[in-house]
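Have a look at the structure below, then the notes.
Residue numbers (the UniProt record's numbering): 1 to 101.
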């Protein structure tokens with residue numbers, strides 16, 4: 001049995017709805033879409049390939065075009081992805097320089 005406080009008033013639609021449904025709707029609205037250089041939608045865990053040589057500041061090395069980056073993580077920013085790469089800690093790449101594999 002549901003109690004009265006399980007329902008909340010949604011200002012946008014002008015309707016009463018379950019609190020969980022409203023929370024899910026707001027989370028979906030706040031989600032950031034991250035797209036690669038050719039427009040593919042990226043998700044956590046995707047593999048990407050670099051589309052150009054990138055000099056990694058602070059690491060003193062260059063990642064070559066075609067380098068495979070495994071298991072990316074989205075950061076909440078529409079253009080930045082968090083990556084793991086051997087020998088480089090805290091690597092963050094811009095989505096415009098990668099293509100989903």
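Beta carbons: idealized from backbone N, C-alpha and C, even for Gly.
> Can you tell me whether DSSP reads residue 35 as helix, strand or coil?
Replying inline: One-based indexing of the chain shown puts residue 35 at position 35. Strand, per DSSP.
> Around the Cβ of residue 44, are there at least 16 other Cβ atoms within 10 angstroms (buried) or fewer (exposed)?
Replying inline: Translated into positions along the chain shown, residue 44 becomes position 44. Exposed: under 16 other Cβ atoms inside 10 Å.
>> Within the continuous alpha helix (DSSP H) that includes residue 29, where are the two ends?
In response: Translated into the one-based positions of the chain shown, residue 29 becomes position 29. Counted as a single uninterrupted DSSP element, the alpha helix (DSSP H) harbouring residue 29 occupies residues 19 to 30.
> For the stretch 40 to 59 against the stretch 4 to 14, are there 3 or more C-beta pairs whose distance is under 8 Å?
Replying inline: no
> Which two residues bound the contiguous beta strand (DSSP E) that contains residue 61?
Replying inline: Position 61 of the chain shown, counting from 1, holds the residue named residue 61. Run containing residue 61: 61 to 63, per the beta strand (DSSP E) assignment.
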